[in-house]
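Contents: one structure, followed by commentary.
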């Protein structure tokens, strides 16, 4: 979601305590629409992200590192020239607007003191970051906008005076007194949805908060005025406004299956048991966690979309071919009827004439001695018709052997491609995707030019995922099929413990014990890791097979990651992300 104005108020207040009077030490531009200011100050400073990304515009303090381009973009160089070494004197926000303004004391080329202003507009697709001089003229911006005077669209070009976005034709929910609010609510039509009425009447509140106010008043986000207590709605509305004026904010993130869904400046209860509500210590922590996870998922998706498309196409083609081969194999299994027809024709040559289309003969293979009708070719003699049936029988017999081999190979191909798609869903970073891409290039599923976009760079495969059990044993989990093979067949000791989810695609997991016997807790934790990195991640009582590495073999000619094992034992565990992250090294 875009940052709403009240959440931005909370972030501005938090930033003022942390970075006011800080010095701009360095300026970076890791992405075309992101600027990072490295700050030093009495409160420690930090690294401030100013993002005008059209989907994820925001402002936050960063702890993660970002990779910078070798050559800084022009706007980055401009900022270094104008605000490098500057002191942040003021951080402000126009009333309930989604923009933040920084006033900095800087020096020009002659060493004279000047003021500069950075304006970050967080308004969805129109998000922008602008550098202004002390007179309010635009020096430059991340996005130059050639406006249209007739339509009223703002021009944001160097040399022009900066004009902020036009204020909305609505009321400020912070400045609407109790009497006026009650009058407005009292005049609202009974059939009107209360949340939409609030959104249309007041600015500064997001749809999420409008629904939350109505939910707290009526227990239903879509309640109409005729269904709720109008006085209770007014009281809740005024209470929220008072809390915002007093700076009473609660950083709250909504999650589903540990993945971020939305966030707010207050506790959200409207989703009840559908989404979890996680409370953070600060808005910087919340925004970093939220956007880091969202952007990670989007980066992984963009990197893997072509792989998913290629493998899905190959998988569909393999399944269609398998279906046809299975039909042919089933038909080949009925070949005995061909041989019997040949035998019956040979036994009755004296009663069959050339040119017949069918022959009705006594079937001596039938226990009841009934008749059977056999189709004939009019152009062939009786002997030639019999020979054709024998030939078709032999062909079908040979075809059964070939089709059995093809079906077996097709099923293994299908299993391998399914495992690759599963690996992609479990990828944790871009390097995981690049390793899978390298595997598919090696196995011939991706063309050479598709190997990866970082041309000229040979990617070394990452180390396996590493964990430390509560019993002190190292546990390794493969990231892809090639690494599964390397881990199990080359790196593991023959007396280490090997684990894998039963009859399901997943990572090979190794307990490094060198012939020793791990404790029960280590077995359980390793089994949970194997279940977590499998297609059965969301299940309960997941079966996980385990055995010594020496019992695991790779069939000749099999695809990466495919093994057989015997003897083995089976444990039943429920995977837990919390446990996996706790044990991760």
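In this note's numbering, the protein residues as written are 277 to 861. A virtual CB, placed ideally from N, CA and C, is assigned to each residue, including glycine. Note that the structure is a prediction, hence the values are computed from the model and not measured.
Cβ neighbours of residue 372 within its own chain (closer than 7 Å, five residues either side excluded): 281, 448, 450, 479 and 480. Counting along the chain, residue 329 sits inside no beta strand (DSSP E), nor does DSSP assign it H or E at all. In this structure, DSSP gives residue 573 a helical state, which the three-state scheme calls helix. Every alpha helix (DSSP H) stretch that sits fully inside the segment 607 to 671 and reaches 4 residues is listed by chain position as 612 to 623. Nearest to residue 694 by C-alpha distance, out of 838, 500 and 576, is 838.
Per DSSP, residue 749 lies in no alpha helix (DSSP H) segment and is marked neither H nor E. Listed in chain order, the non-local C-beta contacts of residue 338 below 6 Å within the same chain comprise 323 and 325, local neighbours out to five positions each way being set aside.
For residue 513, the enclosing alpha helix (DSSP H) has its first and last residue at 506 to 521.
Secondary structure at residue 531: strand, using DSSP grouped into helix, strand and coil. Counting only runs that start and end inside the segment 742 to 811, the alpha helix (DSSP H) elements of at least 4 residues fall at 757 to 762 and 796 to 808.
The beta-carbon separation of residue 788 and residue 752, rounded to 7 Å, stays under the 8 Å limit for a contact.
Where residue 303 is concerned, the enclosing beta strand (DSSP E) starts and stops at 299 to 307. Residue 703 has its alpha-carbon roughly 6 Å from the corresponding atom of residue 709. The C-alpha of residue 563 is placed about 26 Å away from the C-alpha of residue 444.
In this structure, the alpha-carbon of residue 301 lies about 12 Å from that of residue 382. Annotation for residue 783: 753, 754 and 809 place their beta carbon closer than 6 Å to its own, counting only its chain and skipping 5 residues before and after. Between residue 835 and residue 721 the beta-carbon gap is near 10 Å, outside 8 Å, which marks them as no contact.
Leaving aside the five residues that flank residue 690 on each side, the residues in its chain whose CB is nearer than 6 Å to its CB run, in chain order, 594. Residue 828 and residue 537 have their alpha carbons spaced roughly 42 Å apart. A straight-line Cα-Cα distance of about 34 Å links residue 719 and residue 800.
Taking 8 Å as the cut-off, the Cβ atoms of residue 748 and residue 797 do not count as close. CA-CA distance, residue 778 to residue 817, rounds to 11 Å. In the three-state scheme derived from DSSP, where H, G and I count as helix and E and B as strand, residue 827 is classed as helix. In this structure residue 497 does not touch residue 506 by the C-beta definition: roughly 17 Å separates them, more than the 8 Å allowed. C-alpha of residue 546 to C-alpha of residue 504: approximately 16 Å in a straight line.
Nearest in C-alpha terms to residue 560, of all of 550, 588, 583 and 525, is 525. When rounded, the separation of the alpha-carbon atoms in residue 304 and residue 335 is 15 Å.
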